[in-house]
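Residue numbers (the numbering used here): 701 to 1143.
Even glycine gets a Cβ: it sits at the ideal position worked out from N, Cα and C.
Structure first, commentary second.
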Amino acid sequence: MISIKSFPKDLIDICKKIKKAGFRCFVVGGGIRDVILGNTVTNWDIATDATPEQINKLFTKVIPTGIEFGTVTVMIKKTPYEITTFRSDERYVDGRHPEKVTFTRDINKDLSRRDFTINAMAYDPLEGKLIDNFEGQKDLLKKTIRTVGDPLERFREDGLRPLRACRFAARLEFDIEKSTLEAIPKCLDVARKVAMERVHDELMRMLGADKPSVGIEMMRRSGLLSLYIPELETCVGVEQPKPFHEYDVYWHSLYSCDYISKEKPVLRFAALLHDIAKPPCKEGTTFYNHDSKGVEMAGEIMKRLKFSNEHINYVANLIKNHMFNYTPEWSDSAVRRFMRRVGVENLNDLFELRAADIKAMEREVELEHPKDLRIRIKKVLDEENALHIKALKVNGTDVMKALKIKQGPKVGKILNALLEKVIDDPKLNDRKTLMEMIKEQGK
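Structure below.
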């Protein structure tokens, strides 16, 4: 049930101010959808017949976030409220943007240009009036994603809409209506035009769903997966040895992704790609060196999808180390080397990835994930053992002064050699001892 209590006070105040100035005003889009579903609303969108220039005169802080399309953002107490003038769009020329935008005073025309019925509702919170020309409420009840009007036309207008359909299916755990899903393969040429930065953003939102596997499988069924991550599609039907694995590589990867916390979308992407190299590495029932090959393949995929270098390196590290084979026989120095190799800051994420990997095999996690490794890691941290050059009791300046050399590769080489010895024996991390070792290195 929608009521004025469904909306924040600042939003109501914005609507009152716009109406007082003589304009019409509606809350639109995902905010209305989520209010009806009882979900938390993270972004509020307002549609009005006021122009951006007129909105600019009404409010103190207005940001022209999409002025060419009639959109500005009003900031109230650091919270953004996006306000867009009613508009109708003419022919789309690049698969993303209309050739021309025409402002209108008709909210019904504005709603008719929107993507899906569940996003094409408008509500006047001051009058308590809902406009639902395309039966969005009915589709919410049926848990269905359906385009406004002809799906082929909607998808050819904007090549990102097919991926958005899959994302909404994942986030809401809805089905995509039959004709809507069947239209996607016919529009892949338009979807191919979408900037990879936008594809990246949609994938990140999809990975924030409870079950990203729902959206990824919709991508596969519709042809979008072969467009954006074809390497993952090659995992379909690649069987893994039983009884260790219940699923093929594709479904194992999807379920591993689902098992990761949804607050960690990049870690989820690492789970999705952790076995990406198994198809090309398969020999009989064994996947030789799929972890190291996976680092290379994941890097190529993530560069294509415009991930940052920081995220690429993070995922590469996790894939490279996800096969770690801990046993109680590991020496203390082996534990310290493991910590240095993975990075202390990445250990918890690696363990979460390992747990998700094993859960997706339908196996008992505790058998494969001994608690004593965490205990031993905690001991190393409590003892403040040196795991990085910066933790040594000497630095590059000490090396240069002791050996009377200039800054260069030799300095780093000596410090790394010292660190290797300290990892083997933490007691060596004493300034006097290390200075003597530096002098020995210079002989």
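Counting only beta-carbon separations shorter than 8 Å, does ALA820 have a partner in chain B? You won't find chain B in this structure, because it holds only one protein chain.
Contact the segment 1031-1045 vs the segment 1006-1023: 3+ CB pairs below 8 Å: The segment 1031-1045, when compared against the segment 1006-1023, does touch it at the 8 Å Cβ threshold.
How far does the beta strand (DSSP E) with TYR823 in it reach, from first residue to last? Here residue 823 refers to the residue found at position 123 of the sequence shown. Counted as a single uninterrupted DSSP element, the beta strand (DSSP E) harbouring TYR823 occupies residues 822-824.
Distance between beta carbons of ARG867 and ARG861, contact taken as under 8 Å: For the purposes of this step, residue 861 is identified with residue 161 of the sequence shown, where counting begins at 1. For the purposes of this step, residue 867 is identified with residue 167 of the sequence shown, where counting begins at 1. Wrong, their Cβ atoms sit about 10 Å apart, outside the cutoff.
Excluding five sequence neighbours on each side, which residues of the same chain lie with their C-beta closer than 6 Å to the C-beta of VAL936? Within the sequence shown, numbered from 1, the residue matching residue 936 stands at position 236. Residues of the same chain with a CB within less than 6 Å of the CB of VAL936, apart from the 5 flanking positions on each side, are TYR950 in chain order.
Would you decide whether LYS1132 is buried or exposed? Buried here means 16 or more other CB atoms lie within 10 Å of its CB. Translated into the one-based positions of the sequence shown, residue 1132 becomes position 432. With fewer than 16 Cβ atoms within 10 Å of its Cβ, LYS1132 is classed as exposed.
Expressed to the nearest angstrom, what Euclidean distance is found between the alpha-carbon atoms of MET1137 and THR779? As a working note, residue 1137 is residue 437 in the sequence shown. As a working note, residue 779 is residue 79 in the sequence shown. Looking at the two C-alpha atoms, the distance is approximately 58 Å.
Short of 8 Å in beta carbon distance, which residues of its chain neighbour GLY1144, apart from the five on each side in sequence? Order them along the chain. With the chain covering 701 to 1143 only, the question about residue 1144 has no answer from this structure.
What are the start and end residues of the alpha helix (DSSP H) that includes THR740? What you label residue 740 is simply residue 40 of the sequence shown in a count that begins at 1. Element bounds for THR740: n/a, residue is neither H nor E.
PRO979 - DSSP class collapsed to helix/strand/coil: For this step, residue 979 is matched to residue 279 along the sequence shown. When secondary structure is reduced to three states using DSSP, PRO979 falls in the helix class.
Go ahead and pull the three-state DSSP assignment for SER706. Residue mapping note: residue 706 aligns to position 6 of the sequence shown, counting from 1. In the structure shown, SER706 sits in a helix (DSSP, three-state: H, G or I).
What's the gap between the Cα of THR817 and the Cα of ASP839? Indexing the sequence shown from 1 puts residue 817 at position 117. Indexing the sequence shown from 1 puts residue 839 at position 139. Here the alpha carbon of THR817 sits roughly 7 Å from the alpha carbon of ASP839.
Considering only DSSP beta bridges, list what GLY836 is partnered with. As a first step, residue 836 must be located in the sequence shown, where it is residue number 136. Note: GLY836 sits in no beta bridge, so no partner.
Tell me the residue span of the alpha helix (DSSP H) that contains GLY766. The sequence position of residue 766 within the sequence shown is 66, counting from 1. Careful: GLY766 lies outside any alpha helix (DSSP H), inside the beta strand (DSSP E) at 762-766.
With 16 other CB atoms within 10 Å as the buried threshold, where does ALA1091 fall? In the sequence shown, residue 1091 corresponds to position 391, counting from 1. The residue in question, ALA1091, is exposed, as its Cβ has fewer than 16 Cβ neighbours within 10 Å.
For the alpha helix (DSSP H) containing ILE1012, list its first residue and its last residue. Mapped onto the sequence shown, residue 1012 falls at position 312. Run containing ILE1012: 1009-1021, per the alpha helix (DSSP H) assignment.
Would you kindly work out how many angstroms separate the C-alpha atoms of CYS957 and GLY731, rounded to a whole number? As a working mapping, residue 957 is identified with position 257 in the sequence shown. As a working mapping, residue 731 is identified with position 31 in the sequence shown. The straight-line gap from Cα to Cα measures roughly 28 Å.
What does the alpha-carbon distance come out to for the pair ARG846 and VAL727? Along the sequence shown, one-based indexing puts residue 846 at 146. Along the sequence shown, one-based indexing puts residue 727 at 27. The alpha-carbon atoms of ARG846 and VAL727 are separated by roughly 21 Å.
Beta-carbon separation of LYS1093 and ASP1125 under 8 Å? In the sequence shown, the residue the question calls residue 1093 occupies position 393. In the sequence shown, the residue the question calls residue 1125 occupies position 425. Contact: no.
Am I right that THR804 and ARG787 are in contact with their C-beta atoms under 8 Å? What's the rounded C-beta distance? Start at 1 with the first residue of the sequence shown, and residue 804 comes out as number 104. Start at 1 with the first residue of the sequence shown, and residue 787 comes out as number 87. Indeed they touch by this definition, with Cβ atoms about 6 Å apart.
Three-state secondary structure (DSSP) of SER641: Given a span of 701 to 1143 for the chain in the structure shown, any question on residue 641 remains unanswerable.
Proximal residues to MET919 (C-beta, below 6 Å), its chain only, five neighbours per side dropped: Looking up residue 919 in the sequence shown gives position 219. The residues are CYS866, LEU925.
Starting from MET1002 and walking both ways along the alpha helix (DSSP H), at which residues does that stretch end? Within the sequence shown, the letter at position 302 stands for residue 1002. For MET1002, the enclosing alpha helix (DSSP H) stretches over residues 990-1004.
Is it true that the CB of ASP975 sits closer than 8 Å to the CB of SER953? Along the sequence shown, one-based indexing puts residue 953 at 253. Along the sequence shown, one-based indexing puts residue 975 at 275. The answer is yes: Cβ separation under 8 Å.
Host alpha helix (DSSP H) of PHE803 (start-end): Here residue 803 refers to the residue found at position 103 of the sequence shown. From DSSP, PHE803 is part of no alpha helix (DSSP H) but of the beta strand (DSSP E) over 801-803.
Using a Cβ-Cβ cutoff of less than 7 Å, which residues in the same chain neighbour GLN1141 once the five nearest sequence positions on both sides are dropped? Walking along the sequence shown from the start, residue 1141 turns up at place 441. For GLN1141, where only same-chain residues beyond five positions count, the Cβ hits under 7 Å are ILE1114, ALA1117.
Using the Cα positions of GLN837 and LEU1087, report the straight-line distance between them to the nearest angstrom. The residue given as residue 837 occupies position 137 in the sequence shown. The residue given as residue 1087 occupies position 387 in the sequence shown. One C-alpha to the other measures close to 57 Å.
For LEU1103 and MET1135, what's the separation of their Cα atoms in angstroms? Along the sequence shown, read from residue 1 onward, the residue named residue 1103 stands at position 403. Along the sequence shown, read from residue 1 onward, the residue named residue 1135 stands at position 435. The straight-line gap from Cα to Cα measures roughly 10 Å.
Can you confirm whether the segment 716-726 touches the segment 741-749 when touching is taken to mean that 3 or more C-beta pairs between the two stretches lie within less than 8 Å? Taking 8 Å as the limit for Cβ pairs, the verdict is that the segment 716-726 does touch the segment 741-749.
Among the residues of its own chain, which have a CB less than 7 Å from the CB of GLY999, if the five just before and after it don't count? Taking the sequence shown and counting its residues from 1, the one referred to as residue 999 is at position 299. These residues qualify, in order along the chain: ILE1012, ALA1016.
If you run the structure through DSSP and keep just helix, strand and coil, what is MET775? Position 75 of the sequence shown, counted from the first residue, corresponds to residue 775. Here MET775 sits in strand by DSSP.
Residues bridged to PHE1024 [DSSP beta-bridge criterion]: Mapped onto the sequence shown, residue 1024 falls at position 324. Paired residues: none, contrary to the question.
Assuming ASP889 contacts THR844 under a Cβ cut-off of 8 Å, what Cβ separation, rounded to an integer in Å, is found between them? As a position in the sequence shown, residue 889 is number 189, starting the count at 1. As a position in the sequence shown, residue 844 is number 144, starting the count at 1. No, ASP889 and THR844 are not in contact; Cβ-Cβ is about 26 Å, not under 8 Å.
From the DSSP output, read off the bridge partner residues of THR751. By one-based count along the sequence shown, residue 751 stands at place 51. Looking at the DSSP output, THR751 sits in no beta bridge, so it has no partner there.
So, helix, strand or coil for TYR947, using DSSP? Residue numbering aside, residue 947 sits at position 247 when the sequence shown is read from its first letter. Residue state, collapsed to three classes: coil.
Who are the Cβ neighbours of ILE1077 in its own chain at under 7 Å, not counting the five residues just before and after it? In the sequence shown, the residue the question calls residue 1077 occupies position 377. Within the same chain, Cβ atoms closer than 7 Å to the Cβ of ILE1077 are found at VAL1035, MET1039, LEU1047, the five residues on either side in sequence being excluded.
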